[in-house]
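Chemist:
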Amino acid sequence: MTEETRDWIEIRRATLADVPFIRQLALESVPYTIPEGRDVSNESVRERAEESLKNLEIMVHRRREVAIIVAVDKRESRRAGYLILEFKRVEESTGEIQSYIFDVAVEQAYMGRFVVHHLVREAARISHQMGHRYMSATISASNQRALLTAIKMGFEVERLGMIMACGPGGIEPMPGRPEEQRAHAVDRARRRSQRRRPAR
Amino acid sequence: MTQPVVSGPTQQLIDLCNAIARGERQREAELQALRQSRHEGLSAAWEAFAQSVEEQGEEFADAHRVEVEQVEAQFLAYSQCLDQIGSYFTTRKPDALTAAAGRLAATSPALLAAQGAWEAAILTTGPSRFPIVNLFDNMGKGVRDGRLPIERWIVACESHHDFYRNVVAEIDASKSAGEAGVPQRRAACVALMSLLEEMGQVTAACSKADFDAFIERMIGLQTDLEEAIATFNYNALSATPTASAEANRVIHAAFAVRDGLVAPDVLHGLADKMRQTVRVSIADAGTASRMTAESAIVAEQIPIVTASLQDIDQALALLGQVSGAGKDLDDAVGRLEDGVGRLDAANRLISQHNENFGRVICIHCQHFNPADARTCESCQRVLPRFEQFEASRGFVEGGEAAGARESVVTVTMKELEDACHGYEQGVVSRQALLELIAVNLQKVYNVQSRTRDLGLPDVPEEANEWERETSQAFIDLGEEGLALLAQGLQACKAGLQQMQQFAQSRQLSDMHEGLRQYSDGVQKLSQIERVADAFVAALPRALDEGDATDFAAPSSGD
Numbered sequence: 319m320t321e322e323t324r325d326w327i328e329i330r331r332a333t334l335a336d337v338p339f340i341r342q343l344a345l346e347s348v349p350y351t352i353p354e355g356r357d358v359s360n361e362s363v364r365e366r367a368e369e370s371l372k373n374l375e376i377m378v379h380r381r382r383e384v385a386i387i388v389a390v391d392k393r394e395s396r397r398a399g400y401l402i403l404e405f406k407r408v409e410e411s412t413g414e415i416q417s418y419i420f421d422v423a424v425e426q427a428y429m430g431r432f433v434v435h436h437l438v439r440e441a442a443r444i445s446h447q448m449g450h451r452y453m454s455a456t457i458s459a460s461n462q463r464a465l466l467t468a469i470k471m472g473f474e475v476e477r478l479g480m481i482m483a484c485g486p487g488g489i490e491p492m493p494g495r496p497e498e499q500r501a502h503a504v505d506r507a508r509r510r511s512q513r514r515r516p517a518r
Numbered sequence: 233m234t235q236p237v238v239s240g241p242t243q244q245l246i247d248l249c250n251a252i253a254r255g256e257r258q259r260e261a262e263l264q265a266l267r268q269s270r271h272e273g274l275s276a277a278w279e280a281f282a283q284s285v286e287e288q289g290e291e292f293a294d295a296h297r298v299e300v301e302q303v304e305a306q307f308l309a310y311s312q313c314l315d316q317i318g319s320y321f322t323t324r325k326p327d328a329l330t331a332a333a334g335r336l337a338a339t340s341p342a343l344l345a346a347q348g349a350w351e352a353a354i355l356t357t358g359p360s361r362f363p364i365v366n367l368f369d370n371m372g373k374g375v376r377d378g379r380l381p382i383e384r385w386i387v388a389c390e391s392h393h394d395f396y397r398n399v400v401a402e403i404d405a406s407k408s409a410g411e412a413g414v415p416q417r418r419a420a421c422v423a424l425m426s427l428l429e430e431m432g433q434v435t436a437a438c439s440k441a442d443f444d445a446f447i448e449r450m451i452g453l454q455t456d457l458e459e460a461i462a463t464f465n466y467n468a469l470s471a472t473p474t475a476s477a478e479a480n481r482v483i484h485a486a487f488a489v490r491d492g493l494v495a496p497d498v499l500h501g502l503a504d505k506m507r508q509t510v511r512v513s514i515a516d517a518g519t520a521s522r523m524t525a526e527s528a529i530v531a532e533q534i535p536i537v538t539a540s541l542q543d544i545d546q547a548l549a550l551l552g553q554v555s556g557a558g559k560d561l562d563d564a565v566g567r568l569e570d571g572v573g574r575l576d577a578a579n580r581l582i583s584q585h586n587e588n589f590g591r592v593i594c595i596h597c598q599h600f601n602p603a604d605a606r607t608c609e610s611c612q613r614v615l616p617r618f619e620q621f622e623a624s625r626g627f628v629e630g631g632e633a634a635g636a637r638e639s640v641v642t643v644t645m646k647e648l649e650d651a652c653h654g655y656e657q658g659v660v661s662r663q664a665l666l667e668l669i670a671v672n673l674q675k676v677y678n679v680q681s682r683t684r685d686l687g688l689p690d691v692p693e694e695a696n697e698w699e700r701e702t703s704q705a706f707i708d709l710g711e712e713g714l715a716l717l718a719q720g721l722q723a724c725k726a727g728l729q730q731m732q733q734f735a736q737s738r739q740l741s742d743m744h745e746g747l748r749q750y751s752d753g754v755q756k757l758s759q760i761e762r763v764a765d766a767f768v769a770a771l772p773r774a775l776d777e778g779d780a781t782d783f784a785a786p787s788s789g790d
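Protein sequence lines, in the order shown, are assigned to chains A and B.
One point on numbering: in our numbering, the residue at position 106 of the first sequence is 424, and numbering is uninterrupted.
One point on numbering: in our numbering, the residue at position 413 of the second sequence is 645, and numbering is uninterrupted.
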């Protein structure tokens, strides 16, 4: 994180007024959360995400259960991203109570500006205030960007989630997503293409 | 029915929505501004509520989860109404405004009510077990700290005063006004009304000591009220539907479980407790059934008592396991009611018998007379002059005693019974028992030997018809009396011999049989009294000498 970022970024608790922004950004980010090996449609996952965000207004105020924080560009009074942090999650093997980053997203325009670093740092601080020693998160294996960012921030890979497709013969290869449904690969390809194209 | 209350700003919003839906589109900017203002107000109110929930702590919030979720749901509904109004500016469809206005009209009062319930939950929470005490204690602190307007305190005093006034009016109009606990309840309510009138006069300048004094008095009156209600409920629940107060409490608990008002544990506890009493009674009834019954009534009723107690025990066992409403519960309650009814009927008969036991039964009309009566209260005939005493449990009925269901009891019977029981318990020696039996047996032998040849003269042939008839009547009476004498003596002898058998065998059955037979004999002999007047002169002197302690010849004055 740079001093420059710290000067213009503000991290605060979300209010009712932030809910439309969070809901919209969450739905826009849905394709990036879908593992590339699955063939479930973006639309159906988006519908499911909408359903899970139905009570977002209530969750904003349930501070003992959830912390929803937003990053705001103080210079433009514009929201840059959000993070939803759940408390009192039980670690599956050790039984320890820890917090969990349910969701985090940053506006496209603010990517690469260390906004997520500020959000995660604040989330860790809040987790400690709530008595949690650890904060966990889940990242899709295909979201390499997020994975690298997380490791750079200080996350460690603790478990790897494995998946297998099943069929009449037993083990099947994962179906994979059609090209038009992919998110990360599309972005990656677009970025490569942009780098190769000379500036005009 | 009162109309739901809608807040002022919400009503403004509703009116604007309806106006624009009707076509007053020039007011759209006003609507936008008001919607924005309401949105900010909603956000602030929701934040304040969330803060309030945090302040109360996790345990309190969990205990009042229902109230919290109700407020949240209404806040969400209100927020969605505002979003729906906002959608009008995108779609330009007046229906959105009309729909939003309708929802707001319902949501606003619901939100106010939900917030009120949450505040009430906070205010009524405190160290006292009486919510009203916590309410006024918390409100008093709020008034003193300046957080609560004094008007709210006064309104609370007035509304509670009205509540207790209504309670008093209901009591005065009730048929139960005189029952246990109700006058005390009324008095407590009247005192609370008086206290609340005083409390309604306070000002914010009143000291902490003044408020504390009110709270102390309120605690005392609430305690009195609680005790009065408990007394009334206890009596009400104990009075019906059976004759047993304890069974009634079990039955009412079962009804409460059936209606979902109490947990089954309450019923289980009451049923198990009653079972302990019933089991003791079953043991006592078992002991009584092994002893010789005092009379046919007791002999008849003890098995009924035992069977009823066992049915009651089984019903209670079922009730101790039911988990809720259902056929099992209904059946068990029915069995309990039935068992208690049968037990009560049997106990009444036994009690009635015991009341009359030891009284002198008139052999002419079977009326029960006081022990010292010389003539029958009912028919004025002379009563047999037996010495009366308290009967012990060993006496039995002489089953053939002229249809009478109660026994004539004599001194000798008591002596023999006491001796037999004393021997059974090791208090009386075998020798003493055998001696007593021998003495009485000898008496019977003496009377038997002296009356064996008793007979009645034939009617002279020269007797005329009247003489013959009169004589025959006398002869019939005499023969009846002689028959009673012979049968009675034989039964007494058999009974005494059976008691001798008991002295050897120590078998209770021998003792009971011996006492029963002896008593049968006594009952038969007692029937002779009705012909005694006619036969006194004819009976040999030996009969009087033979059983002088049991029978006394009636004097000419009787």
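We put the CB at the ideal spot given by N, CA and C, even for glycine.
Values in this document were obtained by computation on a predicted structure and should not be read as measured data.
If I follow the unbroken alpha helix (DSSP H) through B:S319, where does it start and stop?
Modeler: Within the second sequence, residue 319 of chain B is the residue found at index 87, counting from 1. Here the alpha helix (DSSP H) through B:S319 covers 297-323.
Chemist: Go through its chain and collect everything with a Cβ distance to B:G631's Cβ below 6 Å, but skip five positions before and after it.
Modeler: As a first step, residue 631 of chain B is located in the second sequence; it is residue number 399 there, counting from the start. Per-residue confidence for B:G631 stands at a pLDDT of 30, beneath the threshold of 50, marking its modelled position as unreliable; no derived number is given.
Chemist: When you measure from the CB of B:W385 to every non-hydrogen atom of the ligand COA, does any distance come out below 6 Å?
Modeler: You won't find the ligand COA in this model; it holds no ligand whatsoever.
Chemist: According to DSSP, is A:E498 helix, strand or coil?
Modeler: To locate residue 498 of chain A, count along the first sequence from 1; it is residue 180. DSSP places A:E498 in helix when its eight states are reduced to three.
Chemist: Going straight from the alpha carbon of A:M429 to that of B:D247, what length do you get?
Modeler: Here residue 429 of chain A refers to the residue found at position 111 of the first sequence. Here residue 247 of chain B refers to the residue found at position 15 of the second sequence. Their Cα atoms are separated by approximately 45 Å.
Chemist: Between the stretch 339-358 of chain A and chain B, which residues of the former have CB atoms less than 7 Å from a CB of the latter, in chain order?
Modeler: Cβ contacts with chain B come from no residue of the stretch 339-358 of chain A.
Chemist: For A:T333, which of helix, strand or coil comes out of DSSP?
Modeler: Counting from 1 along the first sequence, the entry for residue 333 of chain A is found at position 15. DSSP places A:T333 in coil when its eight states are reduced to three.
Chemist: Whole angstroms are fine: how far does the CA of B:V643 sit from the CA of B:F621?
Modeler: Translated into positions along the second sequence, residue 621 of chain B becomes position 389. Translated into positions along the second sequence, residue 643 of chain B becomes position 411. Any answer about B:F621 is weak, because its pLDDT of 33 lies below 50 and its placement is not dependable; what the coordinates show is given next. So the two alpha carbons sit approximately 8 Å from each other.
Chemist: Tell me, please, which residues DSSP counts as bridged to B:P414.
Modeler: Position 182 of the second sequence, counted from the start, is the residue given in the question as residue 414 of chain B. First, the amino acid is wrong: residue 414 of chain B is Val here, not Pro. None; B:V414 has no bridge partner.
Chemist: Span of the beta strand (DSSP E) holding A:E490?
Modeler: The count along the first sequence starts at 1 and reaches residue 490 of chain A at position 172. Unbroken beta strand (DSSP E) run through A:E490: 488-490.
Chemist: For B:F281, report the span of its alpha helix (DSSP H) as first-last.
Modeler: The residue labelled residue 281 of chain B in the question sits at position 49 within the second sequence. Where B:F281 is concerned, the enclosing alpha helix (DSSP H) stretches over 260-288.
Chemist: Alpha carbon to alpha carbon, how far is B:G558 from A:I386? Give it in angstroms, no decimals.
Modeler: The count along the first sequence starts at 1 and reaches residue 386 of chain A at position 68. The count along the second sequence starts at 1 and reaches residue 558 of chain B at position 326. The straight-line gap from Cα to Cα measures roughly 49 Å.
Chemist: When DSSP builds the beta bridges, which residues end up paired with A:F339?
Modeler: Working through the first sequence from its first residue, we reach residue 339 of chain A at position 21. DSSP output for A:F339 lists no bridge partner at all.
Chemist: Output yes if chain A places a C-beta closer than 7 Å to the C-beta of B:E304; else output no.
Modeler: Taking the first residue of the second sequence as position 1, residue 304 of chain B is located at position 72. Output row for B:E304: interface = yes.
Chemist: Quick check: the stretch 531-542 of chain B against the stretch 571-591 of chain B, are at least 3 beta-carbon pairs closer than 8 Å?
Modeler: Cβ pair count under 8 Å is three or more, so yes.
Chemist: Could you tell me whether any Cβ in chain B is nearer than 7 Å to the Cβ of A:E375?
Modeler: On the first sequence, position 57 is the one that residue 375 of chain A refers to. True, the Cβ-Cβ gap to chain B drops below 7 Å.
Chemist: Give the interface partners of A:L334 over in chain B, defined as CB-CB distance under 7 Å, in chain order.
Modeler: Counted from its first residue, the first sequence places residue 334 of chain A at position 16. Chain B residues near A:L334: L274, S275, W278, S311.
Chemist: With respect to the beta strand (DSSP E) encompassing B:A515, which residues constitute its N-terminal and C-terminal limits?
Modeler: Walking along the second sequence from the start, residue 515 of chain B turns up at place 283. Here B:A515 belongs to no beta strand (DSSP E); instead the alpha helix (DSSP H) covers 496-522.
Chemist: Please determine if the stretch 472-486 of chain A and the stretch 322-339 of chain A are in contact, where contact requires at least 3 C-beta pairs separated by less than 8 Å.
Modeler: Touching, no, given that fewer than three Cβ pairs across the two stretches are closer than 8 Å.
Chemist: So, are the CB atoms of B:S340 and B:T242 less than 7 Å apart?
Modeler: One-based indexing of the second sequence puts residue 340 of chain B at position 108. One-based indexing of the second sequence puts residue 242 of chain B at position 10. Yes. Within cutoff.
Chemist: Beta strand (DSSP E) containing A:E406: first to last residue?
Modeler: Taking the first sequence and counting its residues from 1, one reaches residue 406 of chain A at position 88. Checking the sequence, you will find Lys at residue 406 of chain A rather than Glu. It spans 396-408 - the beta strand (DSSP E) in which A:K406 sits, taken as one unbroken run.
Chemist: Within 10 Å of its beta-carbon, does B:Q268 have 16 or more other beta-carbons around it, so buried, or fewer, so exposed?
Modeler: Here residue 268 of chain B is taken as the residue at index 36 of the second sequence, counted from 1. Per the 10 Å Cβ criterion, exposed.
Chemist: In whole angstroms, give me the CA-to-CA distance for B:I826 and B:R335.
Modeler: Coverage of chain B is limited to positions 233 through 790, which leaves residue 826 of chain B absent and any answer about it impossible.
Chemist: Please report how far the alpha carbon of B:Q312 lies from the alpha carbon of B:E290, in whole angstroms.
Modeler: Along the second sequence, one-based indexing puts residue 312 of chain B at 80. Along the second sequence, one-based indexing puts residue 290 of chain B at 58. Rounded to the nearest angstrom, the two C-alpha atoms are 28 Å apart.
Chemist: Taking 7 Å as the CB-CB limit, is A:H379 close to chain B?
Modeler: Locating residue 379 of chain A in the first sequence gives position 61, counting from the first residue. Yes, A:H379 lies at the interface with chain B (some Cβ there is under 7 Å from its Cβ).
Chemist: Could you tell me whether any Cβ in chain A is nearer than 7 Å to the Cβ of B:V349?
Modeler: Sequence index remark: in the second sequence, residue 349 of chain B carries index 117 (1-based). The question names Val, but residue 349 of chain B in the sequence shown is Ala. It does not; no Cβ of chain A falls within 7 Å.
Chemist: Report the neighbours of B:E286 on chain A: residues whose CB is nearer than 8 Å to its CB, in chain order.
Modeler: Residue 286 of chain B sits at position 54 when you count from the first residue of the second sequence. R381, R382, listed in chain order.
Chemist: Which whole-angstrom value describes the C-beta separation of B:L548 and B:M506, a residue pair presumed to lie in contact below a C-beta threshold of 8 Å?
Modeler: Residue mapping note: residue 548 of chain B aligns to position 316 of the second sequence, counting from 1. Residue mapping note: residue 506 of chain B aligns to position 274 of the second sequence, counting from 1. That pair is a contact at about 6 Å.
Chemist: Pull up the distance between the alpha-carbon of A:R341 and that of A:N360, whole angstroms please.
Modeler: Within the first sequence, numbered from 1, the residue matching residue 341 of chain A stands at position 23. Within the first sequence, numbered from 1, the residue matching residue 360 of chain A stands at position 42. Going from the Cα of A:R341 to the Cα of A:N360 covers about 16 Å.
Chemist: Say whether chain A places a C-beta atom closer than 7 Å to the C-beta of B:L308.
Modeler: For the purposes of this step, residue 308 of chain B is identified with residue 76 of the second sequence, where counting begins at 1. Yes, B:L308 lies at the interface with chain A (some Cβ there is under 7 Å from its Cβ).
Chemist: Please tell me whether B:G746 and B:G727 are closer than 7 Å, where the distance is taken between their beta carbons.
Modeler: Counting from 1 along the second sequence, the entry for residue 746 of chain B is found at position 514. Counting from 1 along the second sequence, the entry for residue 727 of chain B is found at position 495. Yes. Within cutoff.
Chemist: So, for A:Y452: in the same chain, excluding its five sequence neighbours on each side, which residues have a beta-carbon less than 7 Å away from its beta-carbon?
Modeler: Working through the first sequence from its first residue, we reach residue 452 of chain A at position 134. Here the set comprises E414, Q416.
Chemist: Is any beta-carbon of chain A found at less than 7 Å from that of B:A388?
Modeler: Your numbering for residue 388 of chain B matches position 156 in the second sequence. It does not; no Cβ of chain A falls within 7 Å.
Chemist: Looking at the structure shown, is A:M453 part of a helix, part of a strand, or coil, going by DSSP?
Modeler: In the first sequence, the residue the question calls residue 453 of chain A occupies position 135. Three-state result, A:M453: strand.
Chemist: Would you be able to state if there are at least three C-beta pairs under 8 Å between the stretch 688-708 of chain B and the stretch 733-740 of chain B?
Modeler: No: the two stretches stay apart, fewer than three of their Cβ pairs being nearer than 8 Å.
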